[in-house]
Structures are given as C-alpha cells and as structure tokens.
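Beneath this line is the structure, given in structure tokens, with notes to follow.
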Amino acid sequence: MSKQLTPLIRDLTILKSNPIDPKTIVVSTLIGLLLNSLPWLPAASAQTVQLGVVKSRDNQGHWSGITERLHSIGVNYCIVDLTEVKKASDFDNTNLLFLPNVEFLHPKQFQALQEWIAQGGKVIVSGPTGLLS
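Residue numbering for the sequence shown follows the numbering used here, beginning at 1 and increasing consecutively.
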C-alpha cells in the first residue's frame, strides 16, 4: 500500500468512529498528502518545510478546528497573523503557507503575498480564499 494512502485510510477509519465535517477531512488529507510528497521541492528540501498557517478575522470561527486537525496529524507549523502582514518579509519564517478560509486580503497583503511567491514561497488555499478581495 502506498505511503500516501495510509493517512487517508487512517482518517477514514477515524471518521467511522468519530464523525466530523467532511470538509475538514478533505482539507486535512490534502495537506497531509502535500506535506508528505511536496512534488515541487527536491527531496532534501522536503525535510525542511516550514509551514505557516494564516490566522485572520475570516477564519476565527474555524481556528480551533484547523489547529486541532493539524496537531492530530502531527504537523508542525507557525501562526502567521494576517493583521501583521505588510510586506513579503513578514512571511520569511515559512516556505509553505496555508490560507484556510481567508476571504479577504488588503491590497498590501496581497502584494506582499505575490512578492513572497515570486521569491519561491508556495501556497495552499482552502475555502473561499480571496473571494472578497
């Protein structure tokens, strides 16, 4: 059995005994698969992934679920407070950024994100990210 399928099977087994929101399972499984494979990074770099999870007013209601899921699958991450993002260097302590349900980015935040991506940063988005920007 593929190593990439093992987390999915584990999650489905957990789901049978502890029903949770299917969106949570899909998002967390995708994050797990992405973090396990990281096809855009060389194998040596995959060991040094620094995940930043963006916290904003938009995802406040889901924040505890987001962090609980990341903890339950053993993902290490740092919190990036969107209210403090003004320039690309505000993302310097990460090389992979997860934007869960971040519906609005101010123009300066969007510009900072674009510059950070141009410098090699990678992004995972879920939900209506940027919908209201």
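Even glycine gets a Cβ: it sits at the ideal position worked out from N, Cα and C.
Note that this is a predicted model, so its numbers are computed, not measured.
{"Check": "Neighbourhood of aspartate 58 by C-beta, 7 Å cutoff - its chain only, sequence neighbours within 5 removed", "Outcome": "Asn101, Val102, Glu103 and Phe104"}
{"Check": "Burial state of methionine 118, where buried means 16 or more other Cβ atoms lie within 10 Å", "Outcome": "Correcting the residue type first, residue 118 is alanine in the shown sequence and not methionine. With fewer than 16 other Cβ atoms within 10 Å, it is exposed."}
{"Check": "Residue closest to proline 107, alpha-carbon to alpha-carbon, out of Lys87, His62 and Ile66", "Outcome": "Lys87"}
{"Check": "Identity of the residue in Ile66, Val75 and Thr48 nearest serine 126 by Cα", "Outcome": "Ile66"}
{"Check": "Three-state secondary structure (DSSP) of isoleucine 66", "Outcome": "helix"}
{"Check": "C-beta contact flag for aspartate 90 and alanine 112 at 8 Å", "Outcome": "yes"}
{"Check": "For proline 100, the residue or residues it bridges with in DSSP", "Outcome": "Ser126"}
{"Check": "C-alpha distance - leucine 97 paired with valine 85, whole-angstrom precision", "Outcome": "13 Å"}
{"Check": "Run of the alpha helix (DSSP H) containing lysine 108, from where it starts to where it stops", "Outcome": "107-118"}
{"Check": "Bounding residues of the beta strand (DSSP E) (the contiguous stretch that carries glycine 52)", "Outcome": "51-55"}
{"Check": "Contacts around glutamine 182, its chain only, beta-carbon distance under 7 Å, and the 5 residues preceding and following it disregarded", "Outcome": "No answer is possible for residue 182: it lies beyond the span of the chain, which begins at 1 and ends at 133."}
{"Check": "Through-space distance from glutamine 60 to tryptophan 116, alpha-carbon basis", "Outcome": "24 Å"}
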